[in-house]
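Undergrad: Please see the structure below; I have some questions.
There are 2 protein chains.
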Amino acid sequence: MHTSLHISQTDARPMYLQIMEQIRQRIALGDWQPGQELPSIRALAVALRVSVITVKRAYEELGAEGVIVTRHGRGSFVADRVALTNDLQEQRLDEHLLEAARLARVMGLSDDELATRLRKIKRKLGKGE
Amino acid sequence: MHTSLHISQTDARPMYLQIMEQIRQRIALGDWQPGQELPSIRALAVALRVSVITVKRAYEELGAEGVIVTRHGRGSFVADRVALTNDLQEQRLDEHLLEAARLARVMGLSDDELATRLRKIKRKLGKGE
DNA sequence: TATACTGTACATACTGATATGCACACTTCA
DNA sequence: TGAAGTGTGCATATCAGTATGTACAGTATA
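Chains C and G, in that order, are what the protein sequence lines are.
The first sequence begins at 1221 in the working numbering and counts up one residue at a time.
The second sequence begins at 1221 in the working numbering and counts up one residue at a time.
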């Protein structure tokens, strides 16, 4: 199954978030298909040199988001219809973007300046955390 | 001087942040003028029923932002040239962009997708109002 | 049904952020 | 100079988030 997920020690974000993100990405890329079984939490824990519980937490939250489905004693699977982007998150994203756009207009920022600002912040985000 | 700052217990954000924000607002509104002395940390601590140290922390961070200036043994004062209206807006803009970037990453959105989303929202904003 | 896989529950440890009290240092001015 | 006002340093308490190991429970199948 060559999971090839990995934990970055230099990444300040919690491990369970890193795991969640990489799984989301695998699914988004079509690398892992709907219905397909995910690595067991034990197997993944060993591969990542991380506690079972940490993987469990990642799976739990992905389950709550509807990205995967977990069955006691059976395993975890990519959800059939993957609402990969949570509606709630999408709504929050738009709220922040809208407020940002409003402020930018008030401050007289051009589209380019705003876009540049966003890029800069994304860079910092990727590096710092 | 009727400070009339207050701490909301129902507000989940830390007290020192609430204090910072209210002081920024007073200054932005011109309620507190450049050079004007702020309440002493002790006085404010008593008024807000909060520890001296909590107020100190708020003042420290406002000092680091250049919004106020603190002199040992003298007191704290509104900074002389407070480009606060703009700084404040700029800060809020960055906060929204940062949160948007965070969400986008969590949702697995690419840079392009995020930028497109922002453009779309800006268009709608320009038309609607 | 026994075995070897699955996931789960729980008690605990560690860390960083937040909030605190009190003794101390600086400044002003009567 | 001393009293009364400023801010500061430090040791500590509390809490939420993160991470852990191990004993337990469900499922499949030889």
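Backbone N, C-alpha and C define an ideal beta-carbon position, used for all residues, glycine too.
Of all Cβ atoms in chain C, is any one closer than 8 Å to the Cβ of aspartate 1331 of chain G?
TA: yes
Undergrad: Would you say isoleucine 1341 of chain C faces chain G, with C-beta separation under 8 Å as the test?
TA: yes
Undergrad: Counting only Cβ pairs nearer than 8 Å, list the residues of chain G close to histidine 1316 of chain C.
TA: His1316, Leu1317, Glu1319, Ala1320 and Leu1323
Undergrad: Taking the straight line between their C-alpha atoms, what separation do you get for leucine 1268 of chain C and leucine 1225 of chain C?
TA: Each residue's alpha carbon lies about 7 Å from the other.
Undergrad: Should glycine 1348 of chain G be flagged as near chain C, meaning a C-beta pair shorter than 8 Å?
TA: Note that glycine 1348 of chain G scores a pLDDT of 45, beneath 50, so its modelled location is shaky and nothing firm can be said.
Undergrad: Can you list, in chain order, the residues of its chain whose CB lies under 8 Å from that of isoleucine 1261 of chain G, leaving out five sequence neighbours each side?
TA: Val1272, Val1275, Lys1276, Tyr1279 and Ser1296
Undergrad: Spell out the partners DSSP gives isoleucine 1288 of chain C in its beta bridges.
TA: BP columns for isoleucine 1288 of chain C point to C:Val1298.
Undergrad: State buried or exposed for histidine 1316 of chain C, treating a residue as buried only when at least 16 other CB atoms are found within 10 Å of its CB.
TA: buried
Undergrad: Starting from alanine 1263 of chain G, trace the alpha helix (DSSP H) in both directions and tell me its first and last residue.
TA: 1261 to 1268
Undergrad: Given this structure, state the Cα-to-Cα distance separating threonine 1290 of chain G from isoleucine 1239 of chain G, to the nearest angstrom.
TA: 16 Å
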